[in-house]
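Numbering (mature numbering (1 follows the signal peptide of the UniProt record, and there is no 0)), first residue to last: -20 to -1, 1 to 571. Read through the structure below, which is laid out as structure tokens, and then see the notes.
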């Protein structure tokens, strides 16, 4: 990694040097004479090179840690593989940084430190960026190897406070601005968790608890896509990227663009994507069908046992009592070699007892109460079920009745604790979770990538202008440099933190993963538009905890959560301490 970092930092420095020369020094607005500026640049060029190296290391650490947070839930719910997450993260983190990230970069490099304190010594502020980058990258790498999802935002703010406190004391820090940033760190996980929880309850009531959850999910799928795309388009178009010239779009035009784009997307989902998804889900769930008639007393009809089809599928269900006198069971699990499966029966509930019943094939023709084979096949074709499947599905459907009392309402509102989600419905949500994973990556790029490259942007502006005011906008090539470093870090070490957020803290499936990522992405994008450098890590963990607490019987692994919170608490002081130490060395050696 060290060789790779040095090579790309060297290429980056050559590009910067060429750009600075072409600019003729400090640019048209510079009040510094050319000889003074050249002398300043000659004296600080080495610092710019070191800063570029450290910025790459910081981007690497952020990719290994923060980006892993953004895609951890998608990998944890098995919607994306690690390789797919790496590719999508690289694309959408880049887009987020370019389209929305400029506001946060300006906040980080201009609003934490009192710039006027360094008017007489711009070299000190330039060297201070080295201390910031060193403190952040050092702590992020430590946290990544410890598999702790920490915040780059915390690290940057802490390191900025540490270096400035060492150089100029307490008066050099804009404490009011720092207070607003710190307050956003506490409010962002609460807001994100609230949004994700409300959305999960909506998904649960409108889809997951329905008798036919797959059909219900297909009906509301275009609506989910509509809101996701409308919100994302609005954040891009309204007060958009200065780099791309989108900042002058008025509010009404941004709303029109967002609504038209979302409507078009919803129509595409309804008429094109939805039928294909339905067909794909039913094909993927080719079911090993075993038919048995189990009478209400638990006995099995006596007939010769025939071979069965045994395929690797899921079985998580209770018997559905649609036919009087007997049940037809559809098993969707890899059956053991002895052809036995555990089936909970209504008359065997004492002490949680479960009866093992032998599985065997029914005779070819089965008629009861006027229900014949032809009717069965016709009904199954209409529902998109193959002829190989059984008459009735094993299901977990248990209606939740609303009682007119506070306790009754709460019991109805929250998911049933003994319910297992329908596998086909989760396959449906996996499609939209891929989209929300990209949405979350875009949001992360809009906020956290900007935090990481803010010190390098400040260093470059001071180097080119010999001024602490940093009037130049964030160059797009600096954003791309930070994104590239981040992608390298994600691909090399991202798997470590992905496991903590996506698998160890709480059990996540596609439906809950969708709500978690959507809530975190909405919160992060709103903060980016406001110029607040919040923590995407906090948003995601807040959503994971909130949704995990209300899910059916799947709580939070509090020991993991405790370690994560501890890493949050120590991030700011540790980064500040490392940064202050580096600044002390620079002060002794070069200042």
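Using N, Cα and C, we set each Cβ at its ideal position, and we do this for glycine too.
When we look at the beta-carbon of residue i and count the other beta-carbons within 10 Å, is it buried (16 or more) or exposed?
i, result
"residue 78", "buried"
"residue 32", "buried"
"residue 20", "buried"
"residue 225", "exposed"
"residue 554", "buried"
"residue 125", "exposed"
"residue 160", "exposed"
"residue 180", "buried"
"residue 444", "buried"
"residue 59", "buried"
"residue 523", "buried"
"residue 320", "At residue 320 the pLDDT is 44, less than 50, meaning the model places this residue with poor confidence; the figure from the coordinates comes in the next sentence. Residue 320 should be labelled exposed."
"residue 568", "exposed"
"residue 572", "In the structure as shown, the chain starts at -20 and stops at 571, and residue 572 therefore has no counterpart that could be examined."
"residue 430", "buried"
"residue 14", "exposed"
"residue 63", "exposed"
So the candidates are the options; which of them puts its Cα closest to the Cα of residue i?
i, options, result
"residue 91", "463, 152, 130", "152"
"residue 35", "110, 96, 65, 18", "110"
"residue 448", "16, 67, 102", "102"
"residue 400", "120, 76, 68, 190", "190"
"residue 520", "565, 417, 560", "417"
"residue 115", "138, 107, 94, 203", "138"
"residue 209", "248, 181, 513, 435", "248"
"residue 263", "16, 403, 27", "403"
"residue 560", "446, 544, 405, 107", "107"
"residue 474", "127, 202, 562, 508", "127"
"residue 507", "494, 441, 425", "425"
"residue 252", "37, 509, 198, 439", "198"
"residue 76", "432, 423, 498", "423"
"residue 543", "157, 123, 396", "123"
From residue i to residue j, what does the alpha carbon distance come to, in whole angstroms?
i, j, result
"residue 99", "residue 450", "11 Å"
"residue 259", "residue 491", "19 Å"
"residue 140", "residue 550", "15 Å"
"residue 502", "residue 528", "19 Å"
"residue 61", "residue 205", "22 Å"
"residue 25", "residue 18", "10 Å"
"residue 457", "residue 97", "29 Å"
"residue 385", "residue 184", "21 Å"
"residue 558", "residue 512", "24 Å"
"residue 73", "residue 120", "19 Å"
"residue 389", "residue 177", "17 Å"
"residue 526", "residue 174", "7 Å"
"residue 256", "residue 242", "20 Å"
"residue 407", "residue 254", "12 Å"
"residue 88", "residue 515", "13 Å"
"residue 566", "residue 71", "37 Å"
"residue 428", "residue 118", "17 Å"
"residue 237", "residue 182", "27 Å"
"residue 211", "residue 420", "12 Å"
"residue 505", "residue 465", "22 Å"
"residue 23", "residue 562", "19 Å"
"residue 94", "residue 136", "16 Å"
"residue 67", "residue 203", "27 Å"
"residue 215", "residue 471", "28 Å"
"residue 146", "residue 27", "19 Å"
"residue 531", "residue 158", "36 Å"
"residue 412", "residue 452", "40 Å"
"residue 564", "residue 405", "58 Å"
Going by beta carbon distance, what residues of the same chain come within less than 8 Å of residue i, once the five residues before and after it are set aside?
i, result
"residue 518", "131, 165, 168, 169, 172, 548"
"residue 282", "Its pLDDT being 44, under 50, residue 282 is placed unreliably in this model, and the coordinates cannot settle the point."
"residue 415", "205, 208"
"residue 134", "165, 515, 548, 551, 552, 555"
"residue 227", "219, 220, 221"
Kindly list the residues whose CB is nearer than 7 Å to the CB of residue i, restricted to its own chain and excluding five residues on each side of it in sequence; keep chain order.
i, result
"residue 200", "186, 187"
"residue 469", "39, 40, 41, 42, 43, 44"
"residue 229", "217, 218, 220"
"residue 112", "136, 139, 140, 143, 435, 559"
Can you give me the Cβ contacts of residue i inside the same chain, cut-off strictly under 6 Å, excluding the 5 residues immediately before and after it?
i, result
"residue 570", "none"
"residue 245", "205, 209"
"residue 235", "none"
Counting only runs of 3+ residues fully inside the region 92 to 133, write out the beta strand (DSSP E) ranges in chain order. none
With a floor of 4 residues, list each alpha helix (DSSP H) that falls wholly inside the region 127 to 199, ordered by position along the chain. 132 to 148, 155 to 183
In chain order, which continuous runs of the alpha helix (DSSP H) of length 4 or greater are located wholly inside the region 434 to 470? none
Which full runs of the alpha helix (DSSP H) of 4+ residues lie inside the region 487 to 513, going along the chain? 490 to 510
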